[in-house]
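Asker:
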Amino acid sequence: MTKAMSALVAFDLIKIGKLDEEAIVVVDPGLAAQWAGKGTTLSLRAGERLPVKRLIEGMITASANDATEVLAHHAAGSRGKWLALMNARASSLSMTDSTFASPSGWPDGGKTQVTARDMVRLARALIEDHPELYRRYFGHPVMTWRGTQLASRNPLAGRFKGADGIKTGHTSEVGYNFLGAAVRDGRRLVLVIGGAPSEATRAAAAQGLAEWGFTAWDSRQLVRKGQVVGRALVQDGSAPAVDLVPLRDWRLTVPHGSTARVTTRIVYRGPLGAPIEAGQVVAGLEVTVPGLPPHDIPLATGQRVTRAGPFDRMVNGLLGLLP
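Position one of the sequence shown corresponds to residue 882 (my numbering), numbered consecutively onward.
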């Protein structure tokens, strides 16, 4: 599943114009020799020329180790620099329990470590930050390479309604793993499987878990992006208070048919002092459902509030005395 982080880094670079999907890459002879026969590969040849997009396809659909390593060297200049990008991106996603020491996931003596929770964060970034690239490269059951159909090992691709990603993984150290994703009727599901003893066990678990996720749970709209859910007082501001809004839509997943009461409360992160920029996260909406762990939704300021002049501060102070 390490290749999912390499895919995210590649997508990030494409988005900012640092990596061109159409650019031609010449396969370095040293890399071709180093990765020949190491796990799943495209059998890239020394001096072979191919566009970046084919390396990405090989990395994602065929899970080719050589394609991943060649892409990393081309995009970052060296393996070490690519790994630095991977770990920096993980840090930006608060993947605090994950470390990447290989672009491709090739066994590295346990240096690469990930958790299920962190993999969900990674999946969300792929899907939400790069929707077009995600649709273009993920979810394909096969890719054509040198006239041959290379099948994806994704146990859901082409077999489960709505499946569109993401990556499998396997080493003798940790077994068979899977970071999966599917969407039905606008509802997104991400699942993680780790340590399965066989490919067949992984496939059965993925199918069963995905079906259970869609049938045993209901998804309800909780709050919408920009919806005002509360207000926060502002000290020394040109306005006495500011709207609190979520930065994206949030849905609540509950057991199918549940009638449990949903309670919410705003948790403030300390006093607010002007000036304040719009979109600044200053509070959280704590959501509680009996029998489920509490969830915190970040709330941001809905408007910019400048620092008040002497007269405005006096008026706001008087308003604050009113019942």
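Built from N, CA and C at the ideal position, the CB exists for glycine as well.
Every value quoted in this text rests on a predicted model; they were computed, and no experiment measured them.
Gly-1056: which of Asp-1099, Gly-986 and Val-1186 sits nearest, CA to CA?
Answerer: The residue labelled residue 1056 in the question sits at position 175 within the sequence shown. Per the Cα distances, Gly-986.
Asker: Report the option in Gly-1043, Gly-939 and Val-1163 whose CA atom is closest to the CA atom of Asp-1124.
Answerer: Locating residue 1124 in the sequence shown gives position 243, where the first residue counts as 1. Looking at the Cα atoms, Val-1163 is the closest of the given residues.
Asker: Based on the DSSP secondary-structure assignment, which residues constitute the bridge partners of Pro-1175?
Answerer: Here residue 1175 is taken as the residue at index 294 of the sequence shown, counted from 1. Partner(s): none; Pro-1175 has no beta bridge.
Asker: Is the region 1026-1041 close to the region 1050-1064, with three or more CB pairs under 8 Å?
Answerer: Result yes; three or more Cβ-Cβ pairs closer than 8 Å.
Asker: What whole-angstrom Cβ distance do Thr-977 and Ala-945 have, given they're in contact under 8 Å?
Answerer: For the purposes of this step, residue 977 is taken as residue 96 along the sequence shown, with counting starting at 1. For the purposes of this step, residue 945 is taken as residue 64 along the sequence shown, with counting starting at 1. Actually they do not touch by this definition, with Cβ atoms about 30 Å apart.
Asker: What first and last residue would you give for the alpha helix (DSSP H) that runs through Glu-1080?
Answerer: On the sequence shown, position 199 is the one that residue 1080 refers to. 1080-1096 is the extent of the alpha helix (DSSP H) around Glu-1080.
Asker: Looking at the secondary structure, which residues open and close the alpha helix (DSSP H) in which Thr-949 lies?
Answerer: In the sequence shown, the residue the question calls residue 949 occupies position 68. Its alpha helix (DSSP H) spans residues 946-957.
Asker: Which full runs of the beta strand (DSSP E) of 3+ residues lie inside the region 955-1008, going along the chain?
Answerer: Correct list: empty.
Asker: Report yes if the C-beta distance between Leu-925 and Asp-901 is below 8 Å; otherwise report no.
Answerer: One-based indexing of the sequence shown puts residue 925 at position 44. One-based indexing of the sequence shown puts residue 901 at position 20. No, these two residues do not count as a Cβ contact at 8 Å.
Asker: Can Pro-984 and Leu-964 be called in contact, C-beta distance under 8 Å?
Answerer: For the purposes of this step, residue 984 is identified with residue 103 of the sequence shown, where counting begins at 1. For the purposes of this step, residue 964 is identified with residue 83 of the sequence shown, where counting begins at 1. A contact, by the Cβ cut-off of 8 Å.
Asker: At the level of alpha carbons, what is the spacing between Asn-1058 and Tyr-1015?
Answerer: Translated into the one-based positions of the sequence shown, residue 1058 becomes position 177. Translated into the one-based positions of the sequence shown, residue 1015 becomes position 134. Roughly 20 Å between the two C-alpha positions.
Asker: Are Ile-1178 and Val-1168 touching if we call contact CB-CB under 8 Å?
Answerer: On the sequence shown, position 297 is the one that residue 1178 refers to. On the sequence shown, position 287 is the one that residue 1168 refers to. It is a contact, given that the beta carbons lie within the stated cut-off.
Asker: Should Lys-884 be labelled buried (16 or more other beta-carbon atoms within 10 Å of its own) or exposed?
Answerer: As a working note, residue 884 is residue 3 in the sequence shown. It is buried - the Cβ of Lys-884 has at least 16 other Cβ atoms within 10 Å.
Asker: So if DSSP puts Gly-1118 in a beta bridge, which residue, or which two residues, is it bridged to?
Answerer: Counting from 1 along the sequence shown, the entry for residue 1118 is found at position 237. Note: Gly-1118 sits in a beta bridge opposite Arg-1188.
Asker: So, at 6 Å on beta carbons, what are the nonlocal neighbours of Tyr-1018 in its own chain, with the 5 sequence-adjacent residues on each side left out?
Answerer: Counting from 1 along the sequence shown, the entry for residue 1018 is found at position 137. Around Tyr-1018: Ile-937 and Ile-941.
Asker: Would you say Ser-959 lies against chain C (beta-carbon separation less than 8 Å)?
Answerer: Here chain C cannot be found, since the structure has a single protein chain.
Asker: Give, in chain order, every unbroken run of the beta strand (DSSP E) that is at least 3 residues long and sits entirely within the region 1037-1086.
Answerer: Runs found: 1044-1052, 1056-1065 and 1068-1077.
Asker: Are the CB atoms of Leu-1070 and Gly-1094 within a distance shorter than 8 Å?
Answerer: The residue given as residue 1094 occupies position 213 in the sequence shown. The residue given as residue 1070 occupies position 189 in the sequence shown. Yes; because the gap between Cβ atoms is below 8 Å, this pair is in contact.
Asker: Thinking C-beta only, is Ala-1155 closer than 8 Å to Gly-1183?
Answerer: The sequence position of residue 1183 within the sequence shown is 302, counting from 1. The sequence position of residue 1155 within the sequence shown is 274, counting from 1. No; because the gap between Cβ atoms is not below 8 Å, this pair is not in contact.
Asker: Start and end of the alpha helix (DSSP H) containing Met-940?
Answerer: Counted from its first residue, the sequence shown places residue 940 at position 59. Here the alpha helix (DSSP H) through Met-940 covers 933-941.
Asker: Is the Cβ-Cβ distance between Ala-1181 and Gln-1161 less than 8 Å?
Answerer: On the sequence shown, residue 1181 is found 300 positions in, with the first residue counted as 1. On the sequence shown, residue 1161 is found 280 positions in, with the first residue counted as 1. In this structure, Gln-1161 lies closer than 8 Å to Ala-1181 by Cβ.
Asker: Where does Ile-897 land, buried or exposed, given buried means 16+ other C-beta within 10 angstroms?
Answerer: Within the sequence shown, residue 897 is the residue found at index 16, counting from 1. Exposed, since its Cβ has fewer than 16 Cβ neighbours within 10 Å.
Asker: Does Gly-1089 pass the burial test, meaning 16 or more other C-beta atoms within 10 Å, or should it be called exposed?
Answerer: Along the sequence shown, read from residue 1 onward, the residue named residue 1089 stands at position 208. Exposed: under 16 other Cβ atoms inside 10 Å.
Asker: Going by Cα to Cα distance, which pick from Ile-1047, Arg-1068, Ala-1097 and Asp-1066 is closest to Ile-1074?
Answerer: As a working mapping, residue 1074 is identified with position 193 in the sequence shown. Residue Ile-1047 is the option with its Cα nearest to Ile-1074.
Asker: Would you list the residues sitting across from Trp-1182 in a DSSP beta bridge?
Answerer: Within the sequence shown, residue 1182 is the residue found at index 301, counting from 1. Here the sequence assigns Thr to residue 1182, which means Trp is not the residue at that position. Leu-1125, per the DSSP bridge assignment.
Asker: With a cut-off of 8 Å on the beta carbons, I'd call Arg-970 and Leu-889 a contact; round off their distance for me.
Answerer: For the purposes of this step, residue 970 is taken as residue 89 along the sequence shown, with counting starting at 1. For the purposes of this step, residue 889 is taken as residue 8 along the sequence shown, with counting starting at 1. Right, the Cβ-Cβ distance comes to about 6 Å (below 8 Å), so this counts as a contact.
Asker: Can you tell me where the alpha helix (DSSP H) holding Leu-894 begins and where it ends?
Answerer: Position 13 of the sequence shown, counting from 1, holds the residue named residue 894. Its alpha helix (DSSP H) spans residues 883-896.
Asker: From what residue to what residue does the alpha helix (DSSP H) around Glu-1013 run?
Answerer: Counting from 1 along the sequence shown, the entry for residue 1013 is found at position 132. From DSSP, the alpha helix (DSSP H) with Glu-1013 extends over 1012-1018.
Asker: Does DSSP put Gln-1030 in a helix, in a strand, or in coil?
Answerer: Numbered from 1 along the sequence shown, position 149 holds the residue referred to as residue 1030. Three-state DSSP puts Gln-1030 in a strand.
Asker: By DSSP, does Pro-1136 sit in helix, in strand, or in coil?
Answerer: Looking up residue 1136 in the sequence shown gives position 255. Note: Pro-1136 maps to strand in three-state DSSP.
Asker: By the DSSP assignment, the beta strand (DSSP E) with Gly-1165 in it spans what residues?
Answerer: Within the sequence shown, the letter at position 284 stands for residue 1165. Residues 1162-1169.
Asker: In three-state DSSP terms, what is Ala-927?
Answerer: Along the sequence shown, read from residue 1 onward, the residue named residue 927 stands at position 46. Ala-927 falls in the coil class under three-state DSSP.
Asker: Among all the DSSP beta bridges, which residues are the ones paired with Asp-901?
Answerer: As a position in the sequence shown, residue 901 is number 20, starting the count at 1. In the DSSP output, where bridge partners are listed per residue, Asp-901 has none listed.
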